[in-house]
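Worksheet: the structure to be examined is printed underneath.
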Amino acid sequence: MIVAPDDRPPQMWSDTPIVPLPLAEIPMSATTAALPRTLRLNAKDNVRVAVDTIMQGTTIEGVTAVQRIPKGHKMALTGIPEGGPILKFGQIIGFAKTPIAPGEHIHEHNCGMHDFDRDYQFAEGAHDDGLLPDSERRTFEGYVRPNGKVGTRNYIGVLTSVNCSATVARHIAEGFNRSGLLEAFPNVDGVVSFVHGTGCGMGGSGEGYETLERTQWGYASHPNLAGVLVVGLGCEVFQIPRLMKAYNLVEHEGFRTMTIQDIGGTKKTIEWGIDMIKEMLPTANKHTRTTVPVSEITVGMQCGGSDGYSGITANPALGYASDLLVKHGGTTILSETPEIYGAEHLLTRRAANREVGEKLVDLIHWWEDYTERNQGEMNNNPSPGNKAGGLTTILEKSLGAAAKGGTATLRGVYKYAEPIDTHGFVYMDSPGYDPASVTGQVASGANMIVFTTGRGSAAGYKPTPSIKLATNSDLYARMTDDMDINCGDILEGVSLEKKGEEIFEEIVAVASGKRSKSEQLGYG
0 MIVAPDDRPP QMWSDTPIVP LPLAEIPMSA TTAALPRTLR LNAKDNVRVA VDTIMQGTTI
60 EGVTAVQRIP KGHKMALTGI PEGGPILKFG QIIGFAKTPI APGEHIHEHN CGMHDFDRDY
120 QFAEGAHDDG LLPDSERRTF EGYVRPNGKV GTRNYIGVLT SVNCSATVAR HIAEGFNRSG
180 LLEAFPNVDG VVSFVHGTGC GMGGSGEGYE TLERTQWGYA SHPNLAGVLV VGLGCEVFQI
240 PRLMKAYNLV EHEGFRTMTI QDIGGTKKTI EWGIDMIKEM LPTANKHTRT TVPVSEITVG
300 MQCGGSDGYS GITANPALGY ASDLLVKHGG TTILSETPEI YGAEHLLTRR AANREVGEKL
360 VDLIHWWEDY TERNQGEMNN NPSPGNKAGG LTTILEKSLG AAAKGGTATL RGVYKYAEPI
420 DTHGFVYMDS PGYDPASVTG QVASGANMIV FTTGRGSAAG YKPTPSIKLA TNSDLYARMT
480 DDMDINCGDI LEGVSLEKKG EEIFEEIVAV ASGKRSKSEQ LGYG
């Protein structure tokens with residue numbers, strides 16, 4: 000039987016912070032090489048996480064496994080009655096579908112979820128983020144743009160107003176990247192096309208249109224782009240002149256537009272587009288790196304292909320790095336609203352004020368309504384790969400995902416692709432789908448992406464460089480060419496603090512021009 004630590008019912012427990020997890024202070028269950036390692040992450044937990052595979056009949060801390068427990072998965076420590084809460088990180092990750100005996104493997108066959116109350120409190124945990132004096136803050140080498148924004152890369156972008164102009168945009172970019180035309184402009188990182196599948200067959204107003212407009216503007220004005228060409232068809236709903244009017248844009252040497260119908264067809268548009276970018280290149284090549292404060296770095300934080308180690312190693316380590324960047328005046332963005340579901344009550348406590356916390360709760364309610372309208376459920380989120388890696392419910396996944404946010408005060412909550420206008424730790428609404436979420440973060444102003452993965456996500460996000468963190472050493476060994484940092488060694492004794500500092504240093508180095516593994520492979 001589970002006994003609550005106070006008079007509140009178990010479904011209201013919410014006073015345990017998720018991050019950073021002091022793993023160095025959590026003793027591994029095994030003291031000899033003959034026994035598999037396990038972790039009990041919080042004194043309230045009624046599960047242990049298998050760091051190594053636990054074979055049937057193995058006894059760990061007085062509990063004998065009644066079946067094989069794969070690494071990254073969970074073993075019951077106590078008997079749990081049907082309907083009883085299952086606790087990890089000191090938080091609810093699900094409820095027993097059937098009675099669970101000590102030593103049983105806990106996974107989707109016997110752990111489910113249903114609605115339960117979260118104890119929303121606002122701003123009670125808000126605190127001073129420990130900002131360092133200007134004299135002690137780090138610097139990096141970035142590109143200072145005429146409008147004062149600072150980039151970490153120096154690309155020229157080809158944007159599209161509509162799906163119909165996507166092929167033309169791609170051909171324009173390929174005309175440079177495969178021809179050697181860029182060799183004479185060594186300070187330009189490349190010409191890259193940014194295409195999408197909408198822009199027509201849509202309403203000319205409302206949420207969908209406004210989201211596309213914000214995203215297009217965010218890319219058109221991104222500090223990692225030294226020049227932008229926007230290509231349209233001409234008859235689409237999303238009109239280029241309307242975008243320019245909305246954001247007071249005018250054409251100049253670093254911003255040009257054209258439409259296929261006005262130019263006279265596909266071939267002519269490609270030729271004109273290549274000529275326009277040739278005119279941009281000399282100016283773009285004049286941009287060079289200069290020393291600027293680390294406060295000009297904005298990191299979009301992501302996790303994908305998550306596993307049972309994500310919330311134990313890479314995510315809290317990134318959370319520590321996030322706190323470090325915030326102390327230096329920088330900005331970090333947490334996103335993927337369906338993947339903080341069940342952990343949002345821990346973030347509202349850290350909100351700068353009640354208004355910020357309530358904006359986050361409103362987002363959660365929107366997504367609950369969205370899934371209900373579409374006859375889905377929030378627990379649809381964990382993927383087959385997530386589950387194979389040990390994650391069972393969206394509650395468990397969310398508690399680990401939210402660890403990326405560290406412990407800093409939540410300073411703002413933003414719509415998808417809404418410009419981030421404050422420094423510190425913030426939240427941006429997005430789907431729980433990495434490419435879509437990163438797109439919004441980049442449009443909001445992220446000039447760096449840090450991406451944790453336990454299964455081995457392979458992707459990149461030009462014009463913003465992406466750093467990949469492996470949650471476990473096996474993955475890092477298998478995919479060394481894709482992973483920038485191994486966080487699996489946290490399970491071997493490396494402290495979260497040391498790993499967080501390593502991540503922070505990598506952020507500064509990559510922001511200053513070091514090529515991440517994703518960039519070396521040509522992703523994005």
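Be aware that the sequence shown starts at 0, since it is given in numbering that gives the first Met the number 0, and climbs by one per residue.
Don't be surprised by glycine CBs; every beta carbon is placed ideally from N, CA and C.
Checklist entry - For the candidate residues GLY310, LEU131, ALA64, whose alpha-carbon lies nearest to that of GLY405? => result GLY310
Item to check | Distance, ASN379 Cα to THR526 Cα | outcome: This structure cannot speak to residue 526, because the chain is shown only from 0 to 523.
Checklist entry - Roughly how many angstroms lie between the CA atoms of LYS96 and PRO84, to the nearest whole one? => result 10 Å
Next on the checklist: What residue range does the beta strand (DSSP E) around SER160 cover?
Outcome noted: Element bounds for SER160: n/a, residue is neither H nor E.
Checklist entry - What do you reckon, are the CB atoms on LYS73 and VAL50 nearer than 8 Å? => result No, the pair does not count as a contact, with Cβ atoms beyond the cut-off.
Checklist entry - If you scan the segment 384 to 428 from start to end, which runs of the alpha helix (DSSP H) of 4 or more residues do you find wholly inside it? => result 393 to 400
Checklist entry - What residue does the beta strand (DSSP E) around GLN301 start on, and which one ends it? => result 297 to 302
Item to check | Cβ contact (3+ pairs, closer than 8 Å) linking the segment 338 to 353 and the segment 99 to 109 | outcome: no
Item to check | Where the alpha helix (DSSP H) through LYS497 begins and ends | outcome: 495 to 510
Checklist entry - Between the segment 266 to 275 and the segment 124 to 132, do at least 3 Cβ pairs fall closer than 8 Å? => result no
Checklist entry - Cβ of VAL191 within 8 Å of Cβ of ALA172? => result Yes, they are a contact pair.
Checklist entry - Counting pairs of beta carbons, one from the segment 257 to 272 and one from the segment 192 to 199, are three or more of them closer than 8 Å? => result no
Checklist entry - Can you tell me whether PRO132 is buried or exposed, with buried defined as 16 or more other CB within 10 angstroms of its CB? => result exposed
Item to check | Own chain partners of PRO98 with C-beta closer than 8 Å, once the 5 adjacent residues on each side are dropped | outcome: GLY78, ILE79, PRO80, GLU81
Checklist entry - For LEU130, which residues of its own chain have a beta-carbon under 7 Å away from its beta-carbon, when the five flanking residues on both sides are left out? => result If you ignore the 5 residues before and after LEU130, its C-beta comes within less than 7 Å of the C-beta of LYS326, GLY328, all in its own chain and listed in chain order.
Checklist entry - With which residues is HIS104 paired in a DSSP beta bridge? => result MET74
Checklist entry - What are the start and end residues of each continuous beta strand (DSSP E) run of 3 or more residues lying completely inside the segment 114 to 143, in chain order? => result 138 to 143
Checklist entry - Does the segment 215 to 223 touch the segment 145 to 165, meaning 3 or more C-beta pairs lie closer than 8 Å? => result yes
Checklist entry - Counting contacts by CB-CB distance shorter than 8 Å, is CYS302 in contact with chain C? => result In summary, chain C is missing from the structure at hand, where a single protein chain is found.
Checklist entry - What first and last residue would you give for the alpha helix (DSSP H) that runs through ILE466? => result Where ILE466 is concerned, there is no enclosing alpha helix (DSSP H), although the beta strand (DSSP E) it sits in stretches over 465 to 469.
Item to check | Inter-stretch contact at 8 Å, needing at least 3 Cβ pairs: the segment 449 to 459 / the segment 296 to 313 | outcome: yes
Checklist entry - ILE92 and THR391: beta carbons closer than 8 Å? => result yes
Checklist entry - By Cβ distance, which residues of its chain are closer than 8 Å to TRP366, with the 5 residues on each side in sequence left out? => result THR336, PRO337, TYR340, MET377
Next on the checklist: In the DSSP assignment, the alpha helix (DSSP H) including SER472 goes from what residue to what residue?
Outcome noted: Start and end: 472 to 477.
Checklist entry - Any idea which residues DSSP pairs ASN373 with across the strands? => result ASN373 is not bridged to any residue.
Next on the checklist: Measuring only the C-alpha atoms, how far is ALA402 from ASP428?
Outcome noted: 17 Å
Item to check | Straight-line Cα distance separating HIS251 from THR347 | outcome: 44 Å
Item to check | Through-space distance from PHE193 to THR138, alpha-carbon basis | outcome: 30 Å
Item to check | For SER204, the nearest candidate out of PHE184, PHE237, LEU181 (CA to CA) | outcome: PHE237
Next on the checklist: Taking 8 Å as the cut-off, does the segment 354 to 365 touch the segment 411 to 428 (at least 3 CB pairs, one atom from each stretch)?
Outcome noted: yes
Item to check | Buried or exposed (CB count within 10 angstroms, at least 16 for buried), CYS234 | outcome: Answer is exposed; the Cβ neighbour count stays below 16.
Checklist entry - In the segment 318 to 359, which residue ranges form an unbroken alpha helix (DSSP H) of at least 4 residues, counting only runs that do not cross its ends? => result 343 to 347
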